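For the sequence shown, the working numbering gives the first residue as 5, with consecutive numbering after it.
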Amino acid sequence: MIKIIRGGYLIDGTGLKPQDDAVVVIENGKIKAAGSAKDVTLPKEHAHVLEINASDKTIMPGLVDGHVHLALGSLNDPIWNEIKKVPELIFSYAAGNAQKALAKGITTMQDCGGIDLTTLWLREAIRKKFLVGPKLVVAGAPITTTSGHLYFVGIRADNADELRKSIRWLVENGVDFIKIMATGGSMTPISNRRRAQYSISELTIAVEEAHRLKKRVVAHLNGTEGIKNAVKAGVDVLVHCNWLGEDEGIEYDESIARLAASKGLYLDVGPIAGVTKPQVNYARKGSELKESSRWDLALLMKSQGVKVYLSSDGIGNDASRFVTDLKSFVESGNIEPLEAITMATKIPAEAMGLANKIGTIEPGKDADIIIVDGNPVEDIAALERVDMVLLNGEIVAVKGRIHVNDAPMRK
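This is how it looks when you write it as structure tokens:
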């Protein structure tokens, strides 16, 4: 079936300004044409054409959340502490979290670690259309050290040989990428978030092994020591990058940021980064920088050439909060709406190696499209008013409700 979305604005995800009087043509699940009506040639008369009216709305790429944990919950959540005891419930929990996100316009999610291989099973169930859900790019269980960050769900690897074996096992079981905890983290109090969990040589071996098997490496990073090790080892995506000193304060190293840029690495930073204002010990002599937030540090890295994308780092029930996070971040004045949208669509798609399929509305790409009520460039809250979600050209949600056939719900 051919679908034609008419009217309203088009934000294509490339960073270009919205086009008005938009038309998007979808055929066989792919985008065939997109742009202003005057520039788009419509298909000739066809017996099977569905027209979708997007007047007073905006057509844009489905959001791409590059960091979630669908099969994980807060240690302080009594519901999660019961669910985690039963594998079947964990799967159902993760599936429900994924569907909530899809209904809010998040059409692709990169899951950065959870219990066992739950997210792989969920990915396959969605691919086989046993249930409706977003596209999932999954790491399975994260790799960590004994007593390291997320040791209670991760695969413990304490030396180079164990790292190799863990990566091989994960790849054998079908993961899309490798998530490694290169420093401690706040969710695991007994780990030290300021210190590295792996040496440069260990991380280098991990990266070489993963790349040999054609898998990307995404590294959790809080402390400066770990960031330096990860950049020198050449991990593909740097997560958080709080630049925490070994004992206290923040120690930002411009030379490491420039090295990351020269290697083409990506930084995954959550919108929550704009909240705190820790003291900074900036490594470059003579700097006048006195204080910062994680976003300020991300902007420094961006100014030095590192490619930055936004994510939610949403855990469990919070895995669908990405839209609200983007709205809050824009409203706080940290970033302009159009750039935020690009950093939540095109750039994470590139970081995942999926730029030829998703992230922008361009001919030949998958028709993963959302229609929102209003223009988010003028009113970012429009992102919370999702009228329709299409995945591979199929209508999968209308007005916040998932449905399972390729026809819009009746009003």
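A virtual CB, placed ideally from N, CA and C, is assigned to each residue, including glycine. Remember, it's a predicted structure, so these values are computed and weren't measured experimentally.
Just how far apart, CA to CA, sit residue i and residue j?
{"i": "G268", "j": "S259", "result": "14 angstroms"}
{"i": "D24", "j": "A223", "result": "40 angstroms"}
{"i": "V402", "j": "I375", "result": "9 angstroms"}
{"i": "T148", "j": "V136", "result": "32 angstroms"}
{"i": "V72", "j": "A105", "result": "10 angstroms"}
{"i": "K361", "j": "E354", "result": "10 angstroms"}
{"i": "H153", "j": "D60", "result": "47 angstroms"}
{"i": "V211", "j": "V239", "result": "6 angstroms"}
{"i": "K335", "j": "G100", "result": "Correcting the residue type first, residue 335 is Glu in the shown sequence and not Lys. Taking the straight line joining both Cα atoms gives about 29 angstroms."}
{"i": "W247", "j": "V327", "result": "26 angstroms"}
{"i": "Q103", "j": "V157", "result": "23 angstroms"}
{"i": "G33", "j": "H52", "result": "14 angstroms"}
{"i": "I231", "j": "V310", "result": "13 angstroms"}
{"i": "L14", "j": "L242", "result": "31 angstroms"}
{"i": "R10", "j": "S332", "result": "30 angstroms"}
{"i": "E55", "j": "Y155", "result": "51 angstroms"}
{"i": "K216", "j": "M356", "result": "The sequence as given places Arg at residue 216; Lys does not occur at that position. Whole-angstrom Cα-Cα distance: 17 angstroms."}
{"i": "L67", "j": "I130", "result": "18 angstroms"}
{"i": "G337", "j": "A371", "result": "31 angstroms"}
{"i": "Q283", "j": "R298", "result": "Reliability of the predicted coordinates at Q283 is poor, the pLDDT of 39 falling under 50, and the value obtained from them is presented with this limitation in mind. Approximately 11 angstroms between the Cα atoms of the pair."}
{"i": "S96", "j": "G318", "result": "17 angstroms"}
{"i": "G188", "j": "I159", "result": "15 angstroms"}
{"i": "H244", "j": "A344", "result": "17 angstroms"}
{"i": "I184", "j": "N196", "result": "15 angstroms"}
{"i": "M191", "j": "E206", "result": "23 angstroms"}
{"i": "I406", "j": "I339", "result": "31 angstroms"}
{"i": "M5", "j": "E31", "result": "6 angstroms"}
When we look at the beta-carbon of residue i and count the other beta-carbons within 10 Å, is it buried (16 or more) or exposed?
{"i": "P82", "result": "exposed"}
{"i": "P47", "result": "exposed"}
{"i": "R325", "result": "buried"}
{"i": "I194", "result": "exposed"}
{"i": "L387", "result": "buried"}
{"i": "V175", "result": "buried"}
{"i": "S316", "result": "buried"}
{"i": "K89", "result": "exposed"}
{"i": "K369", "result": "buried"}
{"i": "N80", "result": "exposed"}
{"i": "E86", "result": "exposed"}
{"i": "G290", "result": "Its pLDDT being 34, under 50, G290 is placed unreliably in this model, and the value from its coordinates should be taken loosely. Exposed, by the Cβ-count rule."}
{"i": "I382", "result": "Reading off the sequence, residue 382 comes out as Glu, not Ile. With fewer than 16 Cβ atoms within 10 Å of its Cβ, E382 is classed as exposed."}
{"i": "D300", "result": "buried"}
{"i": "D165", "result": "exposed"}
{"i": "N163", "result": "exposed"}
{"i": "E252", "result": "exposed"}
Tell me which same chain residues have a C-beta within less than 6 angstroms of the C-beta of residue i, skipping the five on either side of it?
{"i": "M305", "result": "A261, L271"}
{"i": "G77", "result": "W84, G320"}
{"i": "Y202", "result": "A186"}
{"i": "K42", "result": "none"}
{"i": "I182", "result": "I171, A214, K219, V221"}
{"i": "T364", "result": "D16, G17, T18, P65, K350"}
Do residue j and residue i come within 8 angstroms of each other at the CB atom, strictly closer than that value?
{"i": "K36", "j": "V27", "result": "no"}
{"i": "G17", "j": "P65", "result": "yes"}
{"i": "A145", "j": "P367", "result": "no"}
{"i": "N233", "j": "I204", "result": "yes"}
{"i": "T62", "j": "G12", "result": "yes"}
{"i": "G397", "j": "K132", "result": "no"}
{"i": "V273", "j": "A237", "result": "no"}
{"i": "A264", "j": "V235", "result": "yes"}
{"i": "L314", "j": "L330", "result": "yes"}
{"i": "M113", "j": "L140", "result": "yes"}
{"i": "A75", "j": "A58", "result": "no"}
{"i": "T111", "j": "V312", "result": "no"}
{"i": "N379", "j": "P22", "result": "yes"}
With a threshold of 7 angstroms on Cβ separation, who are the neighbours of residue i within its own chain once the five nearest residues in sequence on each side are excluded?
{"i": "V142", "result": "D115, T123, L124, R127, V179, D180"}
{"i": "E229", "result": "R199, A200, E250"}
{"i": "V408", "result": "V136"}
Give me, in chain order, the residues of the same chain whose beta-carbon lies closer than 8 angstroms to that of residue i; leave out the 5 immediate sequence neighbours on both sides.
{"i": "T346", "result": "G17, T18, G19"}
{"i": "A161", "result": "I147, T148, T149, L167, K169, S170"}
{"i": "A359", "result": "K350, A353"}
{"i": "G404", "result": "A107, K108, V390"}
{"i": "N177", "result": "L121, L124, G144"}
Q.
Suppose only complete runs of 4+ residues qualify. What are the alpha helix (DSSP H) ranges in the region 346 to 412, listed by chain order?
A. When DSSP assignments are scanned along the region 346 to 412, the uninterrupted stretches of alpha helix (DSSP H) that are 4 or more residues long and fall wholly within it turn out to be 350 to 355.
(Q) As an exercise, report each continuous alpha helix (DSSP H) stretch of at least 4 residues that is fully enclosed by the region 134 to 206, in chain order. (A) You should have 164 to 176.
Q: Run through the region 202 to 231 for me and flag every whole beta strand (DSSP E) of 3 or more residues, listed as ranges in chain order.
A: Within the region 202 to 231, the complete beta strand (DSSP E) runs of at least 3 residues are 220 to 227.
Q) Fully enclosed by the region 233 to 272, which beta strand (DSSP E) runs are 3 residues long or longer? A) Entirely contained in the region 233 to 272, the beta strand (DSSP E) runs reaching 3 residues are, in chain order, 241 to 248.
Q: Counting only runs of 3+ residues fully inside the region 60 to 99, write out the beta strand (DSSP E) ranges in chain order.
A: Runs found: 61 to 65, 67 to 73.
Q: Could you pull out every unbroken alpha helix (DSSP H) segment of at least 4 residues lying fully inside the region 99 to 134, listed in chain order?
A: Taking only runs of at least 4 residues, the alpha helix (DSSP H) segments lying wholly in the region 99 to 134 are 122 to 131.
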